[in-house]
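Engineer: Residue numbers (our numbering): 1 to 322.
Right, I'll just put the structure down here and ask away after.
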């Protein structure tokens with residue numbers, strides 16, 4: 001085993017430091033994910049559609065597995081390989097499957113948002129964008145599988161990582177393109193909806209949805225952009241790996257934040273509305289024609305709604321624009 005000199009120890013700091021910080025932040029974001037999961041289970045678990053509940057369960061399970069594997073990677077390099085400079089040039093077995101885990105989580109979340117865009121409107125252009133997002137997401141997922149397969153053939157030798165360059169670029173570019181398309185399309189649809197509304201509470205709700213979409217979209221898009229920049233400019237460092245440790249947790253938190261945000265959107269629209277947050281939000285509430293349950297009971301007439309059966313789970317409030 002090689003001797004760890006003072007100069008070699010300093011050279012290892014950017015590598016070991018990035019991995020350590022990435023691992024710590026990964027567990028921090030996993031804690032935030034658990035809080036989001038608790039809120040979701042409390043409110044929506046028995047009311048949401050089956051495929052949404054399954055998606056949440058699969059994402060959270062994969063996030064747990066990913067955190068365990070990342071911890072094993074960091075332990076193998078920083079603890080088991082302590083004092084051995086060559087430890088940073090070896091690829092632990094747990095590192096091999098990390099790209100596929102992140103790719104799977106991003107695939108689920110990106111397809112969820114593509115579905116939301118598809119159901120928001122009957123606009124042909126929006127549907128075309130949703131299809132492009134789905135195809136790009138499947139492409140980046142396929143790239144992660146290819147990376148894992150190529151990793152396995154490298155025999156744990158990081159000196160051969162250059163052979164993954166083209167596949168990794170396809171993964172990084174595909175992931176970034178999906179996140180940017182999702183954010184831009186969602187914000188555009190909501191802006192169009194707001195421009196055709198005059199009811200003040202509805203405009204306030206649309207403004208909230210725009211800000212929420214921009215914030216959550218910016219998280220994954222910025223992380224994907226940083227990972228791509230680090231990979232292209234500093235391919236011999238592990239800065240992009242540190243971002244990779246966090247990216248999966250960003251996707252999971254964005255998914256649950258979006259699902260849990262339905263209750264906040266309803267409360268913002270009508271703070272006095274007291275029924276369950278998981279019940280359908282009527283479009284009449286958005287257009288100012290909603291009559292409270294108490295008033296409806298007094299009048300012996302059901303609440304008025306311009307249209308019926310529109311659910312906030314997909315935030316189809318922007319259907320007002322169409």
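For glycine and all other residues, C-beta sits at the position ideal for the given N, C-alpha and C.
Since the model is a prediction, treat every value here as computed from it, not as a measurement.
Please state whether DSSP places residue 48 in a helix, a strand or coil.
Structural biologist: By one-based count along the chain shown, residue 48 stands at place 48. In the structure shown, residue 48 sits in coil (DSSP, three-state: anything other than H, G, I, E or B).
Engineer: Looking at the structure shown, is residue 121 part of a helix, part of a strand, or coil, going by DSSP?
Structural biologist: As a first step, residue 121 is located in the chain shown; it is residue number 121 there, counting from the start. Residue 121: coil per DSSP, three-state reduction.
Engineer: Is the separation between the beta-carbon of residue 150 and that of residue 164 shorter than 7 Å?
Structural biologist: By 1-based counting over the chain shown, the position of residue 150 is 150. By 1-based counting over the chain shown, the position of residue 164 is 164. In contact: residue 150 and residue 164 (Cβ atoms closer than 7 Å).
Engineer: Can you have a look at residue 178 and say buried or exposed, based on whether 16 or more other CB atoms are within 10 angstroms of its CB?
Structural biologist: The residue you call residue 178 lines up with position 178 of the chain shown. With 16 or more Cβ atoms within 10 Å of its Cβ, residue 178 is classed as buried.
Engineer: For residue 122, does the count of other Cβ atoms within 10 angstroms reach 16, so buried, or fall short, so exposed?
Structural biologist: As a position in the chain shown, residue 122 is number 122, starting the count at 1. By the neighbour-count rule (16 or more Cβ atoms within 10 Å), residue 122 is not buried but exposed.
Engineer: For the alpha helix (DSSP H) that contains residue 238, what are its first and last residues?
Structural biologist: On the chain shown, residue 238 is found 238 positions in, with the first residue counted as 1. Residue 238 -> no alpha helix (DSSP H), and no H or E assigned at all.
Engineer: Taking C-beta to C-beta, are residue 169 and residue 26 nearer than 7 Å?
Structural biologist: Within the chain shown, numbered from 1, the residue matching residue 169 stands at position 169. Within the chain shown, numbered from 1, the residue matching residue 26 stands at position 26. Going by C-beta atoms, residue 169 is not nearer than 7 Å to residue 26.
Engineer: With distances taken from CA atoms, which of 52, 129 and 24 is nearest residue 256?
Structural biologist: On the chain shown, residue 256 is found 256 positions in, with the first residue counted as 1. For residue 256, the nearest C-alpha among the options comes from 52.
Engineer: Note down the Cα distance separating residue 259 from residue 217, rounded to an integer number of angstroms.
Structural biologist: Along the chain shown, read from residue 1 onward, the residue named residue 259 stands at position 259. Along the chain shown, read from residue 1 onward, the residue named residue 217 stands at position 217. The straight-line gap from Cα to Cα measures roughly 14 Å.
Engineer: Assuming the contact rule is C-beta atoms closer than 8 Å, residue 98 and residue 69 should be a hit. Round their C-beta distance to whole Å, please.
Structural biologist: Working through the chain shown from its first residue, we reach residue 98 at position 98. Working through the chain shown from its first residue, we reach residue 69 at position 69. About 6 Å separates the two Cβ atoms, so the contact holds.
Engineer: Rounded to whole angstroms, what's the CA-CA distance from residue 39 to residue 153? Just pull it up for me.
Structural biologist: Here residue 39 is taken as the residue at index 39 of the chain shown, counted from 1. Here residue 153 is taken as the residue at index 153 of the chain shown, counted from 1. Distance between the alpha carbons of residue 39 and residue 153 is about 42 Å.
Engineer: Which residues in the same chain as residue 220 place their Cβ atom closer than 7 Å to its Cβ, once the five residues preceding and following it in sequence are excluded?
Structural biologist: Translated into the one-based positions of the chain shown, residue 220 becomes position 220. Closer than 7 Å at Cβ, skipping near neighbours: 179, 250, 251 and 254.
Engineer: Suppose only complete runs of 4+ residues qualify. What are the alpha helix (DSSP H) ranges in the segment 33-77, listed by chain order?
Structural biologist: With a minimum length of 4 residues, the continuous alpha helix (DSSP H) runs that stay inside the segment 33-77 are 50-75.
Engineer: Around the C-beta of residue 66, are 16 or more other C-beta atoms found within 10 angstroms, so that it is buried, or is it exposed?
Structural biologist: On the chain shown, residue 66 is found 66 positions in, with the first residue counted as 1. Buried, since its Cβ has 16 or more Cβ neighbours within 10 Å.
Engineer: By a C-beta neighbour count over all protein chains shown, 10 Å radius and 16 as the cutoff for buried, is residue 54 buried or exposed?
Structural biologist: As a first step, residue 54 must be located in the chain shown, where it is residue number 54. Counting Cβ neighbours within 10 Å, residue 54 comes out exposed, since fewer than 16 surround it.
Engineer: So is residue 144 in contact with chain C if we call contact Cβ pairs under 7 Å?
Structural biologist: In summary, chain C is missing from the structure at hand, where a single protein chain is found.
Engineer: Starting from the Cα of residue 225, find the closest Cα among 261, 240, 184 and 189 and give me that residue.
Structural biologist: Along the chain shown, one-based indexing puts residue 225 at 225. The residue with the shortest Cα to Cα distance from residue 225 is 240.
Engineer: Starting from residue 192, trace the alpha helix (DSSP H) in both directions and tell me its first and last residue.
Structural biologist: Start at 1 with the first residue of the chain shown, and residue 192 comes out as number 192. Residues 165-195.
Engineer: In chain order, what residues of the same chain lie with their CB nearer than 8 Å to the CB of residue 181, ignoring the 5 residues before and after it?
Structural biologist: Taking the chain shown and counting its residues from 1, one reaches residue 181 at position 181. Result list for residue 181: 129, 132, 133 and 136, in chain order.
Engineer: Comparing C-alpha positions only, which one of 222, 223 and 193 sits nearest to residue 209?
Structural biologist: Here residue 209 corresponds to residue number 209 of the chain shown, with the count starting at 1. Closest option to residue 209, Cα to Cα, is 193.
Engineer: For residue 131, name the three-state secondary structure that DSSP assigns.
Structural biologist: Looking up residue 131 in the chain shown gives position 131. It is helical.
Engineer: Just verifying my parser: in three-state terms, what is the DSSP assignment at residue 92?
Structural biologist: Taking the first residue of the chain shown as position 1, residue 92 is located at position 92. The answer is coil: DSSP assigns residue 92 none of H, G, I, E or B.
Engineer: Just to confirm my understanding: we take residue 36, look at its own chain, exclude 5 residues before and 5 after, and list those with CB closer than 7 Å. What are they?
Structural biologist: Residue mapping note: residue 36 aligns to position 36 of the chain shown, counting from 1. Contacts found: 253, 256, 257 and 260.
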